[in-house]
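Going by our numbering, 314 is the number at position 315 of the sequence shown; the sequence numbering is gapless.
Worksheet: one structure, shown below.
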Amino acid sequence: MNKINIIWIAVSLPSLANIICAEERPNFVWFMAEDIAPQFMGLYNDGKGAQTPNLERLARDGVIFSNAYSNAPVSSAARSTLITGCYAPRLGVSWHRKLEQVPMPEGLQMFPSYLREAGYHTSNAAKTDYNCFMDENAWDQVKGKMGEWRSRPDKNQPFFFVRTNAASHESCLHFDEGTMNIKQTEHDPSEVNLLPFHPDTRTFRYTYATFYDKIRRVDDELGTLMDMLEEDGVLDNTFIFYFGDNGGSLPGSKGYTGETGLQVPLVVYIPKKWRDRIPLSVNSRTDGFVSFMDFGPTLLHLAGLEVPMKMDGTPFLGPDISEEKLNSRDIVYGYGDRFDELYAFNRTVRKGKWKYSRNFQPYHPKSLYAAYRYKQKAFREWELLYKENKLDDIQKRFFEPQGPEELYDLSVDPYETCNLAADPLYADDLKKMRRLLINNLMTQNDLGLLPESIWLEEGKQNPVGYGSQSHKRLKRLMNVANLQLLPFSKAKEEIRKALVSPDEAERCWALTACVWWGDKASELSSQIGEMLKDPSALVQSRAVVFLTTTTHINPVGLLKKVLLQARSGAETLWILNDMAYLKNYYPDLCLSLTNDDIPVKCEGVDWRIDYLLSP
């Protein structure tokens, strides 16, 4: 029986490609809405949320995906995942935004290049935001306009067109009190569907209603796009993917690895010419898990092209992908590294109903200041209400130490309000999910285990090759980072060894664990005090954090000395990130800085300095 099955597969897969190639190849359109999560849309919440009549029209002739993920909760990292079909931390492209561009992996092109080589016209209107060097073969037109497919010289040529609509971008929520007083929203603020971790205030309700309005504006352009395709006579042969480029935009969503940051709406229109070949019912929903790693491979598969082995994603649509096979997909990974000036190293895995989050800087609150996030009036109000002790237990968690692990049963807790990681009843589930995540980090040679400054200095010429060569090192770092999951009493001997490791990254992870344990690790204060003379500025900075929060030293002079030793902008950002944490920990701390204190800068440094100098 097994031999027969193997022979059938070997014959049938090439024949599938031949069938697709023999027929008229389909066109593809990606319509991306910036910064939207399904939690804010009526289509996904029994009518509660933004009303999107054109998307509903699309869905009637397509499939609604209930579990689609952007892998990363911010634009450049998510878009880098999309364009490569790869797990972004393996490629070094998950840091938002790039401090230095890195190359694509050897032997791999951005996926539109393969479509173009097969005869497709490829155009983009007009956002790219990739953290790797642009593949010159990817696009016929990379900064095009709406309807750019019309510019192809041969009107019979199949096309791939990408449209990004920015009406719903996070910046649409950067309004002030004056706007609230004079501008009425189309959606009724009293009718919005507030998430449980948000306070019920006038500001939040107005913010929700404004966001709903912007999602509706995006929907208007979707209708225009569909009309243009129909007018050109190509709608019946065009797959349309409507999706968000990451989650968002309300406070605590975009830029964070919760479900509202990672989950995106996805509706795929199945064209009439393909409905007899795609074994899915239109006007239906699927629970199968798909992610941005899978989108490029899916288009290649639908076009009858081979998916490169070096891509991590797998197709989720095609003549050979049944509804049963699609619904069997039940695992997805997420990642968050640097968000502008904020370093946050978080990894997630969802399998079935379980969601596991690993927060590698467990003493950080998720609310640690990032300038662009706090441009929202609602964000600032949320923080103020926390300081005034006016939030309930669910709403205030965002401002408290996140801890190293989170475990949620999303079937009963879709908004991740009840962390089960410390509940003995779920110890086995926690271990299984933790093991899944660790295995994935090791399999992928996840570069997040190294400070950005280190892997950029040592491996930016070939991040994938560098990660492969560093596999044993990454495994050691993973082991040290996981010591923070233990009580200090059980980990202290290994921590003592790690504090004197010749690897500065290992010393950093040991100190990170000590900061998390706090006073419980006070017996190491003398040893850590000696690390103020460490040759690594990263190590010195993290040692200052520990000593400040446990022995209450004044860190200002020490950190200024450390800043002068920074060898790169990434090192400067790391040190300033530690300073931002201390400002959050000690609000009255006066962190006076001048340009002379910071000899090496990069993008994001000025934002961080503005915060550190603020009252």
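Ideal Cβ placement from N, Cα and C applies to all residues, glycine included.
The structure presented is a predicted model; accordingly, all values stated were derived computationally and were not measured.
(request) Would you mind listing the alpha helix (DSSP H) stretches within the segment 389 to 426 that are 4+ residues and don't spill past its ends, in chain order? (result) 392 to 395
(message) So, with DSSP's three-state summary, where would you put H120?
(response) strand
(request) Return helix, strand or coil for Q483, following the three-state DSSP convention. (result) It is helical.
(request) Report, in whole angstroms, the separation of the C-beta atoms of R506 and V538, which I expect to be a contact under 8 Å. (result) Right, their Cβ atoms sit about 5 Å apart.
(message) Taking contact to mean 3 or more Cβ pairs, one atom from each stretch, closer than 8 Å, check whether the segment 71 to 89 and the segment 331 to 342 are in contact.
(response) Cβ pair count under 8 Å is three or more, so yes.
(request) Would you mind listing the beta strand (DSSP E) stretches within the segment 48 to 98 that are 3+ residues and don't spill past its ends, in chain order? (result) 61 to 68
(message) I need the boundaries of the alpha helix (DSSP H) containing M225, first residue and last residue.
(response) Unbroken alpha helix (DSSP H) run through M225: R201 to E230.
(request) Check the DSSP bridge columns for C131 and list the partner residues they point to. (result) According to DSSP, C131 bridges with V101.
(request) Please report how far the alpha carbon of I439 lies from the alpha carbon of D595, in whole angstroms. (result) What sits at residue 439 in the sequence shown is Asn, not Ile. Answer to the nearest angstrom: the Cα atoms are 43 Å apart.
(request) In the DSSP assignment, find the unbroken alpha helix (DSSP H) run with N326 in it and report its ends. (result) E322 to N326
(message) Quick check on the burial criterion: 16 or more other C-beta atoms within 10 angstroms. Buried or exposed for Q483?
(response) buried
(message) Taking the alpha-carbon of R284 as reference, which of L611, S69, T549 and V62 has the nearest alpha-carbon?
(response) V62
(request) Count the CB pairs spanning the segment 570 to 586 and the segment 306 to 325 that are closer than 8 Å, and state whether there are at least three. (result) no
(request) Indicate whether at least one CB of chain B lies closer than 8 Å to the CB of I574. (result) Protein chains in the displayed structure number just one, and chain B is not present.
(request) Compute the distance between the beta-carbons of N70 and S290, then report whether it is under 8 Å. (result) Yes, Cβ-Cβ distance for N70 and S290 is below 8 Å.
(request) Return the chain-ordered list of same chain residues with a C-beta closer than 8 Å to the C-beta of E41, the five sequence neighbours on each side being excluded. (result) Per the sequence presented here, residue 41 reads as Gly, with Glu not at that position. Closer than 8 Å at the Cβ level, and outside the excluded window around G41, lie K47, G48, A49, Q50 and T51.
(message) For Y414, which residues in the same chain have their Cβ closer than 6 Å to its Cβ, ignoring the five residues on either side in sequence?
(response) Cβ within range, chain order: L194 and P195.
(request) Decide if the segment 295 to 305 is in contact with the segment 97 to 114; the criterion is three or more beta carbon pairs, one per stretch, under 8 Å apart. (result) Touching, yes.
(message) Can you give me the C-alpha to C-alpha distance between T200 and G106, rounded to a whole angstrom?
(response) Each residue's Cα considered, the two are about 53 Å apart.
(message) What I want to know is whether the C-beta of A565 ends up closer than 7 Å to one or more non-hydrogen atoms of the ligand HEM.
(response) Looking at this structure, you won't find the ligand HEM or any other ligand, since it has none at all.
(message) Residues in the same chain with beta-carbon distance under 7 Å from Y610, minus the five sequence neighbours each way, listed in chain order, please.
(response) Y368, A370 and A579
(request) Return the first residue and the last residue of the alpha helix (DSSP H) that Q526 is part of. (result) S524 to E529
(request) Report the three-state DSSP secondary structure of D286 (helix, strand or coil). (result) strand
(request) Figure out for me which residue from T163, L446 and D226 has the closest Cα to the Cα of L473. (result) Of T163, L446 and D226, the residue nearest in Cα terms is L446.
(message) Tell me which residue opens and which closes the beta strand (DSSP E) that L341 is part of.
(response) L341 to K350
(request) Starting from the C-beta of A343, find all residues in its chain whose C-beta is less than 6 Å away, skip the five residues before and the five after it, and write them out in chain order. (result) G335
(message) Any contact between the segment 161 to 179 and the segment 26 to 33? By contact I mean 3 or more CB pairs, one from each, below 8 Å.
(response) yes
(message) Can you check which of these residues, K600, V306, F39 and R357, is closest to Y211 by C-alpha distance?
(response) F39
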